[in-house]
Structures are given as C-alpha cells and as structure tokens.
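Have a look at the structure below before the remarks.
Residue numbers (the UniProt record's numbering): 1 to 282.
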C-alpha cells in the first residue's frame with residue numbers, strides 16, 4: 001500500500017509539473033501568437049471589442065503594405081541577414097581559435113589574458129560606443145552595415161564558452177598527434193575542431209539571434225534607411241501607430257522575428273547540448 005501511495009504521489013507531482021510548465025509555456029507564447037494574429041487583421045478589426053484571438057479571415061494586405069511602404073524593407077532585411085551571417089561565421093572562427101589557445105597551449109600570461117577576457121564581459125556596449133563611433137567616423141564606416149559586423153567578429157562570451165567546452169574534452173588524441181609530429185594548427189583542425197561541434201552549434205545560434213536583435217549599436221552607427229537593420233526599422237515604423245495602423249506594424253514585426261524564431265526552434269537541442277556539456281569533465 002505504501003508503494004502504491006508513493007507511486008501515485010510521484011505521478012501526481014509529475015502531472016503537476018507538466019501542467020505548470022504548460023501554463024508557463026502558453027504564457028510565454030501568448031504575445032507571439034497575438035502578434036501573428038494581429039498581423040492578419042485589417043485595420044478595422046485591430047481595435048474591435050470584445051477582441052477575438054483568431055482573425056475571422058486571413059488578410060495578407062498588411063504584409064503587402066509593409067513591402068510597398070516608403071521604408072526599404074527588403075534592403076533592410078538583407079542588411080540584417082548580412083550582418084548576422086558575417087558576425088556568426090566570424091565568431092565561430094575567432095572564438096574556436098581563442099578557445100584552443102587558452103585550453104591547450106601553454107604560454108606566459110595565458111591566465112592573465114583569460115582574466116582580462118572575462119573582465120571584458122562586464123562592460124556594456126554603451127561604454128565603448130563613443131570611441132568606436134569616432135574611429136568609424138574617421139575610417140568612413142558610419143552607415144555601412146559591414147562596419148557593424150566588424151565590431152563583433154570576436155566575442156568574450158564566445159571564447160569563454162568554447163574554452164570551457166574544450167577543457168572538458170580529453171587530451172589523449174591531441175597529445176598522441178603532437179608526439180607523432182603534428183603541428184598545433186593540424187591538431188586544431190583535425191582533432192579539436194570536430195569535438196567542438198555541439199559548442200559551435202550553440203554559439204552559432206546564440207550569436208545569430210543576438211546579432212539579429214542588435215538595436216543600440218545599429219541605431220548609433222547606421223542612420224540611413226538604406227543601411228539600417230530591422231530593429232531600427234521597427235522604430236521607424238512606429239510612425240504608422242500614429243495613424244492607428246497597428247496591424248501593419250504587427251506584420252512588420254512578424255517578418256522581423258521569423259528567422260530567429262525558426263532557427264531556434266529547429267536547432268534548440270544543439271544549444272542545450274552545447275551549453276550543458278561545458279560542465280562535463282572527460
């Protein structure tokens with residue numbers, strides 16, 4: 001009887017946890033579902049009372065209006081995609097190389113440099129934006145999307161994440177290759193890099209999503225409409241709210257968040273695997 005009671009209690013606890021998780025997930029998804037629902041409504045239905053969650057008819061006119069507006073939405077979309085891809089690829093290269101140096105190479109000042117790298121995580125972008133702006137103004141990189149990408153080709157967080165993952169991997173194969181006469185770059189390329197695939201996947205997804213959502217840096221460095229990114233363009237589209245066209249703004253926001261949401265939904269298991277394995281030793 002005690003065993004049955006214990007099993008029933010555990011089952012009840014499991015179902016309670018599942019129910020709480022489902023409620024929390026629904027609460028987090030509700031703003032996104034409402035966003036997509038509003039984007040398919042005409043302006044006349046945006047403020048109807050009582051509100052309905054599902055639109056009576058799917059109206060794609062808001063999406064057409066966004067693409068036909070004075071804001072060059074497709075060009076802005078291409079700018080965001082270019083910056084996100086360049087930054088993601090750049091950080092995967094530089095952070096994996098930095099991780100190999102900090103985790104496998106022994107040189108004077110290694111721990112000091114790694115400490116300085118971690119200290120860099122404490123400074124927000126607002127602290128360094130002024131010298132960066134002055135430097136970009138002198139080199140002609142203001143209002144250039146590639147200029148924003150150059151700022152983030154390296155990442156303290158990315159190097160830290162990759163280094164922690166590499167430290168958790170065994171050194172036996174690398175030491176054997178070193179004894180056989182292989183150079184450090186060959187060891188990195190043939191042995192270390194394949195082991196980093198979970199961490200590379202996690203860093204790539206995190207970096208792409210973070211870069212896609214950059215606002216402050218893009219607002220300061222990219223002022224022209226032809227060079228701005230999607231988060232800044234959303235700020236420009238706020239003018240449509242003054243005319244009451246909430247549905248059009250929701251359509252623009254739906255298109256802007258779609259790539260990052262789809263990428264995370266498709267590859268979320270790699271993020272979880274890559275982050276959790278950074279704490280596993282050998």
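C-beta: ideal position from N, C-alpha, C; glycine also. Please read all numbers here as calculations on a predicted model, not as lab measurements.
| request: Taking residue 92 as the reference, give the member of 146, 233, 144, 163 with the closest Cα. | output: 163
| field | Exposure of residue 85, with buried meaning 16 or more beta-carbon neighbours within 10 Å | value | exposed
| task | Alpha carbon to alpha carbon, how far is residue 14 from residue 152? Give it in angstroms, no decimals. | result | 43 Å
| task | Counting only the same chain and skipping the five closest in sequence on each side, list residues whose C-beta sits under 6 Å from that of residue 139. | result | none
| From 238, 228, 219, 252, residue whose alpha carbon lies closest to that of residue 133 | 219
| field | Euclidean distance between Cα positions of residue 142 and residue 25 | value | 41 Å
| request: Quick one: using the 10 Å Cβ neighbour count with 16 as the cut-off for buried, is residue 160 buried or exposed? | output: buried
| said: Tell me the residue span of the alpha helix (DSSP H) that contains residue 182. | reply: Taken as a continuous stretch (DSSP letters only), residue 182 belongs to no alpha helix (DSSP H), as it is neither H nor E.
| query | alpha helix (DSSP H) containing residue 156: first to last residue? | reply | 156-167
| residue 12 and residue 40: beta carbons closer than 8 Å? | no
| query | How would you label residue 149, buried or exposed, when you count the other beta carbons within 10 angstroms and need 16 or more for buried? | reply | buried
| query | Going by alpha carbons, who is nearest to residue 73 out of 61, 33, 229, 137? | reply | 229
| field | Sequence-distant residues of its chain with Cβ nearer than 6 Å to residue 112 (five each side left out) | value | none
| Where the alpha helix (DSSP H) through residue 204 begins and ends | 197-212
| query | Helix, strand or coil for residue 45 per DSSP? | reply | helix
| query | Is DSSP giving residue 227 helix, strand or coil here? | reply | coil
| said: With a threshold of 8 Å, are at least 3 pairs of Cβ atoms found where one atom belongs to the region 204-214 and the other to the region 187-194? | reply: no
| Under the three-state DSSP convention, the category residue 27 falls into | helix
| query | Looking at C-beta atoms only, is the number of pairs between the region 41-57 and the region 246-265 that lie closer than 8 Å three or more? | reply | yes
| Is residue 251 near residue 62, with beta carbons less than 8 Å apart? | yes
| request: Please find out if some non-hydrogen atom of the ligand NAD comes closer than 7 Å to the beta-carbon of residue 11. | output: Although the ligand NAD was asked about, the structure shown includes no ligands whatsoever.
| Exposure label - residue 64; buried when at least 16 CB within 10 Å | exposed
| Cβ-Cβ distance between residue 45 and residue 31 below 8 Å | no
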